[in-house]
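**Student:** If you scroll down you'll find the structure; I have some questions about it.
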Amino acid sequence: MHLILLILSCTIALIFILLSNKITIKWVKKSFKLYGIVFTITAISIGTVYINENKMVLLTAANVVINQPAAKISRPSDPLLSQFSVNRSAHLKAPHLKQLPELPRGCEVTSLAMLLQYSDVSVSKLELAKQVKKDKTRYKLTNKGVYFGNPNNGFVGDMYSFIKPGFGVYHGPIANLAAQYIGAERVYDFTGKDFSLIINQLNQNRPVWVIINTSYKKLPKSQFTTWQTKDGPIDITMKEHSVLITGYDQEFIYFNDPLNRTEKAPIEEFKAAWKQMGKQAITVY
Numbered sequence: 001m002h003l004i005l006l007i008l009s010c011t012i013a014l015i016f017i018l019l020s021n022k023i024t025i026k027w028v029k030k031s032f033k034l035y036g037i038v039f040t041i042t043a044i045s046i047g048t049v050y051i052n053e054n055k056m057v058l059l060t061a062a063n064v065v066i067n068q069p070a071a072k073i074s075r076p077s078d079p080l081l082s083q084f085s086v087n088r089s090a091h092l093k094a095p096h097l098k099q100l101p102e103l104p105r106g107c108e109v110t111s112l113a114m115l116l117q118y119s120d121v122s123v124s125k126l127e128l129a130k131q132v133k134k135d136k137t138r139y140k141l142t143n144k145g146v147y148f149g150n151p152n153n154g155f156v157g158d159m160y161s162f163i164k165p166g167f168g169v170y171h172g173p174i175a176n177l178a179a180q181y182i183g184a185e186r187v188y189d190f191t192g193k194d195f196s197l198i199i200n201q202l203n204q205n206r207p208v209w210v211i212i213n214t215s216y217k218k219l220p221k222s223q224f225t226t227w228q229t230k231d232g233p234i235d236i237t238m239k240e241h242s243v244l245i246t247g248y249d250q251e252f253i254y255f256n257d258p259l260n261r262t263e264k265a266p267i268e269e270f271k272a273a274w275k276q277m278g279k280q281a282i283t284v285y
């Protein structure tokens, strides 16, 4: 009953107040304002009585609302994709070039050719093989072990044959080579950054050149060896490889492999291998 009177008093008070603003006759205007005040006071009084009589009911309802567990928010199942707001998947169509038979050790320049061709740069793997900077240090076997070139300085050894010693090249010379064709301002070398940036670039329709290994998962220490260079010792694995990442979903990373052996690998395994190889990654704008 009190609730009905409360609603009725509030309604009448509101009507009198609204009408008083529209009426021009002074004595009527004052009367309506007075009635509005009277019914407002009445509504407050009735409301106070209602609250006192129903205090326990109101407190119980309030406690139920306050203690209600928060709604569970759905999250992506993959821990990598839950780090940032991105699409659940991305798949880019980039040219797929093979390094064989011309370039047995040319995975890095072949993957770069795919990246540049995706950006409408007309260049072949063979041209890039000629233009990439070389570390011309000769292979030597000393009492301290192997003495050879540094892939951070340029391509090490023979790219065209397995008959002569050779290895490969890392991100620095590849980024510089890309800049010769597309301009340094359009080359983004984000080596050493988090894997999430690769996902971010794919979401912006940019495939990513990376250094990985031929197993697409973390290698045991036995697969690495140390050789000496003019810059000091360096750990390398002959399973070093390069691919162009073109997509992902909740389970896999997709890529164009210049050896044409496979096209996807489990995200976490691929990520671990990429970290092990120095987090090397390049894309172009």
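By full-length UniProt numbering, the letter at position 71 of the sequence shown is numbered 71, and the numbering carries on one by one without gaps. In this text, a Cβ means the ideal position worked out from N, Cα and C, and glycines have one as well. Bear in mind the structure is a predicted one, so any value in this text is a computation, not a measurement.
1. Do S111 and V284 have their CB atoms nearer than 9 Å?
2. Here's the rule I'm using: 16 or more other beta-carbon atoms within 10 Å means buried, otherwise exposed. How should M238 be labelled?
3. Measuring straight from C-alpha to C-alpha, what distance separates S89 and H171?
4. Could you give the residue range of the beta strand (DSSP E) that holds Q180?
5. Among L115, P266 and W274, which residue has its Cα nearest to the Cα of R186?
6. Go through its chain and collect everything with a Cβ distance to S124's Cβ below 7 Å, but skip five positions before and after it.
7. Below 8 Å, can you find three or more Cβ-Cβ pairs linking the region 264 to 284 to the region 202 to 217?
8. Kindly indicate which three-state DSSP category L128 falls into: helix, strand or coil?
9. Over the uninterrupted beta strand (DSSP E) stretch that includes E240, give me the two end residues.
10. Could you say if the region 126 to 144 and the region 188 to 200 meet the contact criterion of at least three C-beta pairs nearer than 8 Å?
11. Is the region 155 to 174 touching the region 120 to 135 in the sense that three or more CB pairs, one from each, lie closer than 8 Å?
12. Would you please state the rounded distance, in angstroms, between the beta carbons of I253 and D189? I believe it to be under 8 Å.
13. Quick one: using the 10 Å Cβ neighbour count with 16 as the cut-off for buried, is I163 buried or exposed?
14. Is the separation between the beta-carbon of H241 and that of I198 shorter than 9 Å?
15. Which two residues bound the contiguous alpha helix (DSSP H) that contains N203?
16. Count the other C-beta atoms from every protein chain shown that fall within 10 angstroms of the C-beta of L80, then say buried if there are 16 or more, exposed otherwise.
17. Between G145, V146, A175 and Y147, which lies nearest to G154 when the distance is taken from Cα to Cα?
18. Leaving out five residues before and five after Q180 in sequence, what residues of the same chain have Cβ atoms less than 8 Å from its Cβ?
19. If I'm right that K98 touches N260 with Cβ under 8 Å, what's the distance once you round it to whole angstroms?
20. V169 to N87, Cα distance in whole Å?
**Tutor:** Once the coordinates are examined:
1. As a first step, residue 111 must be located in the sequence shown, where it is residue number 111. As a first step, residue 284 must be located in the sequence shown, where it is residue number 284. No, Cβ-Cβ distance for S111 and V284 is not below 9 Å.
2. For the purposes of this step, residue 238 is taken as residue 238 along the sequence shown, with counting starting at 1. With fewer than 16 Cβ atoms within 10 Å of its Cβ, M238 is classed as exposed.
3. Within the sequence shown, residue 89 is the residue found at index 89, counting from 1. Within the sequence shown, residue 171 is the residue found at index 171, counting from 1. It is roughly 26 Å from the alpha-carbon of S89 to the alpha-carbon of H171.
4. For the purposes of this step, residue 180 is taken as the residue at position 180 of the sequence shown. No beta strand (DSSP E) contains Q180, which is instead part of the alpha helix (DSSP H) from H171 to I182.
5. Within the sequence shown, the letter at position 186 stands for residue 186. It is L115.
6. Working through the sequence shown from its first residue, we reach residue 124 at position 124. Only A113 meet the Cβ criterion.
7. The region 264 to 284 and the region 202 to 217 touch, with no fewer than 3 CB-CB distances between them shorter than 8 Å.
8. Counting from 1 along the sequence shown, the entry for residue 128 is found at position 128. Here L128 sits in helix by DSSP.
9. Against the sequence shown, residue 240 aligns to sequence position 240. Residues E240 to Y248.
10. no
11. yes
12. The count along the sequence shown starts at 1 and reaches residue 253 at position 253. The count along the sequence shown starts at 1 and reaches residue 189 at position 189. Not quite, the Cβ-Cβ distance comes to about 20 Å (not below 8 Å), so this is no contact.
13. Position 163 of the sequence shown holds residue 163. Classification of I163: exposed, given that the 10 Å Cβ count is below 16.
14. Residue numbering aside, residue 241 sits at position 241 when the sequence shown is read from its first letter. Residue numbering aside, residue 198 sits at position 198 when the sequence shown is read from its first letter. No, the Cβ-Cβ distance between H241 and I198 is not below 9 Å.
15. What you label residue 203 is simply residue 203 of the sequence shown in a count that begins at 1. That run of the alpha helix (DSSP H) goes S196 to N203.
16. Counting from 1 along the sequence shown, the entry for residue 80 is found at position 80. Only weak support is given to the placement of L80: the predicted model assigns it a pLDDT of 49, under 50, and the question is left unresolved by the model.
17. To locate residue 154, count along the sequence shown from 1; it is residue 154. G154 has its Cα closest to that of A175, out of G145, V146, A175 and Y147.
18. Locating residue 180 in the sequence shown gives position 180, counting from the first residue. For Q180, same chain residues with a beta-carbon under 8 Å away, outside a window of 5 residues either side, are Q131 in chain order.
19. On the sequence shown, residue 98 is found 98 positions in, with the first residue counted as 1. On the sequence shown, residue 260 is found 260 positions in, with the first residue counted as 1. Indeed, because the Cβ distance is near 5 Å, the residues count as touching under 8 Å.
20. Counting from 1 along the sequence shown, the entry for residue 169 is found at position 169. Counting from 1 along the sequence shown, the entry for residue 87 is found at position 87. Their backbone Cα atoms lie some 33 Å apart in a straight line.
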